[in-house]
Amino acid sequence: AIATLLSFMFRRDFPTLRCINYGPPGYSFSWDLATSCKEWCTSFVLDSDLVPRLSLDSMDTLRDEVLELIGRIQISKFQVARRIVQGSPSWWSCRDVDLEQEGDVLRDVISDVLSDDVQSLEYQNQLDHFHSIQEERKQQRGVLRSVALYPPGKMVHLLKTHEVISCGLRLAKCTSCCTTNHGAQYTPVWMENNDDSLSKIVVSPTMGTDHFPNRMYNVLEQLATEYGLDSAIHAQC
Numbered sequence: 004a005i006a007t008l009l010s011f012m013f014r015r016d017f018p019t020l021r022c023i024n025y026g027p028p029g030y031s032f033s034w035d036l037a038t039s040c041k042e043w044c045t046s047f048v049l050d051s052d053l054v055p056r057l058s059l060d061s062m063d064t065l066r067d068e069v070l071e072l073i074g075r076i077q078i079s080k081f082q083v084a085r086r087i088v089q090g091s092p093s094w095w096s097c098r099d100v101d102l103e104q105e106g107d108v109l110r111d112v113i114s115d116v117l118s119d120d121v122q123s124l125e126y127q128n129q130l131d132h133f134h135s136i137q138e139e140r141k142q143q144r145g146v147l148r149s150v151a152l153y154p155p156g157k158m159v160h161l162l163k164t165h166e167v168i169s170c171g172l173r174l175a176k177c178t179s180c181c182t183t184n185h186g187a188q189y190t191p192v193w194m195e196n197n198d199d200s201l202s203k204i205v206v207s208p209t210m211g212t213d214h215f216p217n218r219m220y221n222v223l224e225q226l227a228t229e230y231g232l233d234s235a236i237h238a239q240c
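Using my numbering, the final residue of the sequence shown is 240, and nothing's skipped along the way.
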């Protein structure tokens, strides 16, 4: 965001200046500013990176969803983890995994873990009271609370579309608490500044590590090689 603001200022004296953002903060510019710089500004978002999805609304939504899930969950977190590990071959097999089978396992776990509604009437009453207080606070904040903001420039989403299954990947996941992207393959896709995929926080093991500069560097190098582009990164280092 700071790089884009400085570019707006410096382009008066340097009209050929270009700006490249890596994982810029989401919801930081008005629609006019965010879209008027598309000719000279490009922003990259790596898969489930948390930072480009941060906003008051997205954090409120995440908070509300977590509070509701707490009321609907029927068994302990340990039992949830055990069910997933035991039922999912992706945790212990070194071979390619059937994604449909993975989906079936997760759906079965979810149906066993979560009830359709909040189980405790007392908890539901507390939750309703909490929501009413939050709604009053939103109204008190007025117009400033509802101003829509967007990330700047042309948006490129580096979307993880495949994962090469290997024993090395399993080991890397175990030693990094699943935060590694070892073996991951990415596809760059254009996205709009108001794309729905940026309106909610994606909860994943890599939601924090996808913002790391070294990870963005490695993914861009990988894509440059795949698309036959001559990367100038090494020459500049």
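Glycine included, C-beta positions come from ideal geometry on N, C-alpha and C.
Since residue i contacts residue j with CB under 8 Å, what's their CB separation in whole angstroms?
i             : j              : result
glutamine 142 : valine 116     : With a Cβ gap of about 35 Å, glutamine 142 and valine 116 do not count as contacting.
cysteine 44   : proline 155    : 6 Å
threonine 164 : asparagine 184 : That pair is no contact at about 12 Å.
glycine 211   : leucine 59     : That pair is no contact at about 20 Å.
tyrosine 189  : valine 222     : 5 Å
glycine 26    : proline 55     : 6 Å
proline 191   : valine 159     : 5 Å
leucine 49    : methionine 219 : 5 Å
valine 121    : leucine 130    : 7 Å
Expressed to the nearest angstrom, what Euclidean distance is found between the alpha-carbon atoms of residue i and residue j?
i                : j             : result
phenylalanine 17 : alanine 37    : 20 Å
valine 69        : methionine 62 : 11 Å
phenylalanine 47 : serine 200    : 14 Å
histidine 214    : serine 202    : 17 Å
alanine 238      : histidine 132 : Because the pLDDT of alanine 238 is 44, which lies under 50, any placement of that residue in the model is unreliable, and the number read from its coordinates should be weighed accordingly. Their backbone Cα atoms lie some 59 Å apart in a straight line.
aspartate 35     : serine 10     : 15 Å
phenylalanine 32 : arginine 140  : 24 Å
cysteine 181     : leucine 20    : 39 Å
alanine 227      : serine 207    : 26 Å
isoleucine 23    : glycine 186   : 26 Å
serine 1         : valine 112    : With the chain running from 4 to 240 in the structure shown, residue 1 is simply not present.
serine 135       : leucine 152   : 25 Å
serine 79        : threonine 7   : 46 Å
aspartate 67     : glutamine 225 : 38 Å
tyrosine 126     : cysteine 40   : 48 Å
glutamine 82     : serine 179    : 21 Å
lysine 157       : arginine 85   : 42 Å
proline 216      : aspartate 198 : 23 Å
threonine 64     : isoleucine 5  : 27 Å
Starting from residue i, follow its DSSP beta bridges and name the residues at the other end.
i             : result
isoleucine 23 : Thr45
leucine 117   : Ile76
tyrosine 153  : Phe32
Within the continuous alpha helix (DSSP H) that includes residue i, where are the two ends?
i              : result
alanine 37     : 34-39
methionine 210 : Run containing methionine 210: none; DSSP gives neither H nor E here.
glutamine 143  : 124-144
valine 69      : 59-75
alanine 6      : 5-13
leucine 223    : 216-229
arginine 173   : 170-178
Can you tell me where the beta strand (DSSP E) with residue i in it begins and where it stops?
i             : result
glutamate 166 : 157-166
tyrosine 189  : 187-194
Can you say whether residue i is buried or exposed, counting buried as having 16 or more other CB atoms within 10 angstroms of its CB?
i              : result
leucine 174    : exposed
isoleucine 204 : buried
glycine 29     : buried
cysteine 177   : exposed
leucine 72     : exposed
leucine 161    : buried
serine 123     : exposed
serine 118     : exposed
serine 51      : buried
asparagine 196 : buried
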